[in-house]
Amino acid sequence: MQGLTTHNLGCIRGERTVFAGLDLALNPGRAMLLSGPNGSGKSTLLRALAGLLLPAAGRIEWEGFDIATDRDCHRARVAYIGHADPLKPALTAAENLSFWARIYGFDPDIEPALFQFSIEALADVPVRYLSAGQRRRVTLARLAIGQNSKAGPALWLLDEPATGLDPGAVSMLANTILAHLSNEGVAIVSTHGGRLGELLDMHADRLDMGGLSA
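Here the sequence shown stands for residues 39 to 252, numbered as in the working numbering.
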C-alpha cells in the first residue's frame with residue numbers, strides 16, 4: 039500500500055506565494071505534524087491535500103494516484119477536519135454522527151465513537167446547546183466511526199484539531215490518531231505544539247511551514 043507524496047507542490051494566495059517546491063513522502067502508519075506561525079501555509083497545504091484547493095504547481099499522489107485525475111473521488115476518501123465544526127445545530131450529537139456514518143457507508147452504530155470521546159451523555163442533546171469544547175469532541179468523534187473495521191478514510195487531514203479541548207480530550211484524540219496509524223492509516227495534523235504533538239511524537243515526522251513561506 040502506498041502512502042501520500044507531493045512533488046514540487048506550490049500554492050498561491052492572492053499574489054503571494056504561500057509555499058513552493060514542497061516534496062513530501064509519508065508512508066502508511068505514519069503521521070506528520072505541521073508547525074509554523076499563522077499565515078505560513080498549514081491550512082492551505084491541508085486543503086490542497088484534501089482536494090479542496092487547486093495547487094499553483096506540482097502534484098499530489100495518494101496511494102499511487104494523482105488526485106487531480108478525480109478530485110471528487112479523492113475528497114470522498116479523505117477525512118478532513120478544519121477550524122470550523124461541520125455540525126448541524128438542530129440535530130443531536132448522535133444524529134450528527136449517524137449522518138457521517140451514512141456518508142461513509144457504515145452501519146449507523148455510533149455508540150463506540152460516543153464512548154471514545156466520552157460524549158455518550160450528550161448523545162441526545164441538540165448540538166446548538168453544547169459548549170465549544172463539546173462540539174469539538176462531537177466533530178472529532180466522527181474519526182472513530184468504523185475505525186475498527188478499517189473501512190473508513192485512510193487519510194486524515196486535521197487542522198489544529200486540539201483547539202478548545204481539555205487535556206483529557208487531547209489524550210482521547212491522540213489515542214484515536216494512534217489507533218488509526220496502527221491500522222496503516224496516514225494523518226497530517228497542524229498544531230501549535232503542546233500535548234498533542236508530544237503524544238504523537240514517536241510516530242510522526244515534522245514539517246515547519248514557517249521555513250517554506252515566502
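Glycine included, each C-beta is placed from N, C-alpha and C at the ideal position.
Please return the same chain residues whose Cβ sits closer than 8 Å to the Cβ of residue 248, not counting the five positions on each side in sequence. Stepping through the sequence shown from its first residue, residue 248 is reached at position 210. If the five residues before and after residue 248 are omitted, its C-beta is found closer than 8 Å to the C-beta atoms of 73, 74, 75, 78, all from its own chain and listed in chain order.
So does the stretch 124-135 actually touch the stretch 94-107, counting three or more Cβ pairs closer than 8 Å? At 8 Å Cβ cutoff, the stretches do not touch.
Pick helix, strand or coil for residue 205, following the three-state DSSP scheme. For this step, residue 205 is matched to residue 167 along the sequence shown. In the structure shown, residue 205 sits in a helix (DSSP, three-state: H, G or I).
Which of the three DSSP states, helix, strand or coil, is assigned to residue 153? In the sequence shown, counting from the first residue as 1, residue 153 sits at position 115. Of the three classes helix, strand and coil, the one that applies to residue 153 here is helix, per DSSP.
Could you check whether residue 118 and residue 151 sit closer than 7 Å to each other, using their CB atoms as the reference points? Here the question's residue 151 lines up with position 113 in the sequence shown. Here the question's residue 118 lines up with position 80 in the sequence shown. No, the pair does not count as a contact, with Cβ atoms beyond the cut-off.
Reference residue 212, options 184, 191, 179, closest by Cα: Position 174 of the sequence shown, counting from 1, holds the residue named residue 212. Selected option, being the one with the closest Cα: 179.
Cβ atoms of residue 208 and residue 71: under 7 Å apart, would you say? The residue given as residue 71 occupies position 33 in the sequence shown. The residue given as residue 208 occupies position 170 in the sequence shown. Contact flag unset, no.
Grouping DSSP H, G and I as helix and E and B as strand, with all else coil, what is residue 169? Translated into positions along the sequence shown, residue 169 becomes position 131. In the displayed model, residue 169 falls within coil according to three-state DSSP, outside both helix and strand.
Closest Cα partner of residue 123 within the set 197, 85, 110, 109: Here residue 123 is taken as the residue at index 85 of the sequence shown, counted from 1. Nearest option by C-alpha distance: 197.
Applying the 10 Å Cβ sphere with the 16-neighbour rule, what's the burial state of residue 103? For this step, residue 103 is matched to residue 65 along the sequence shown. When all chains shown are included, residue 103 counts as exposed.
Residue range of the beta strand (DSSP E) that residue 57 falls in? For the purposes of this step, residue 57 is taken as residue 19 along the sequence shown, with counting starting at 1. Its beta strand (DSSP E) spans residues 54-64.
Out of curiosity, what's the CA-to-CA distance linking residue 58 and residue 64? Here residue 58 refers to the residue found at position 20 of the sequence shown. Here residue 64 refers to the residue found at position 26 of the sequence shown. Taking the straight line joining both Cα atoms gives about 18 Å.
Could you tell me the distance, in whole angstroms, from the CA atom of residue 167 to the CA atom of residue 220? Counted from its first residue, the sequence shown places residue 167 at position 129. Counted from its first residue, the sequence shown places residue 220 at position 182. Using only the alpha carbons, I get a separation of about 35 Å.
Hey, how far is the Cα of residue 177 from the Cα of residue 159? Walking along the sequence shown from the start, residue 177 turns up at place 139. Walking along the sequence shown from the start, residue 159 turns up at place 121. Straight-line Cα distance between these residues: approximately 15 Å.
Excluding five sequence neighbours on each side, which residues of the same chain lie with their C-beta closer than 8 Å to the C-beta of residue 86? Numbered from its first residue, the sequence shown carries residue 86 at position 48. Answer for residue 86: 47, 49, 92, 93, 98, listed in chain order.
Quick check on the DSSP output: the alpha helix (DSSP H) that includes residue 246 runs from which residue to which? In the sequence shown, the residue the question calls residue 246 occupies position 208. Here residue 246 belongs to no alpha helix (DSSP H); instead the beta strand (DSSP E) covers 242-246.
Going by DSSP in three states, residue 148 sits in which element: helix, strand or coil? Along the sequence shown, one-based indexing puts residue 148 at 110. Residue state, collapsed to three classes: coil.
What three-state label does DSSP hand residue 97 in the structure shown? Residue mapping note: residue 97 aligns to position 59 of the sequence shown, counting from 1. In the structure shown, residue 97 sits in a strand (DSSP, three-state: E or B).
If the criterion is Cβ atoms closer than 7 Å, does the pair residue 202 and residue 174 meet it? Here residue 202 refers to the residue found at position 164 of the sequence shown. Here residue 174 refers to the residue found at position 136 of the sequence shown. Cβ atoms of residue 202 and residue 174: closer than 7 Å.
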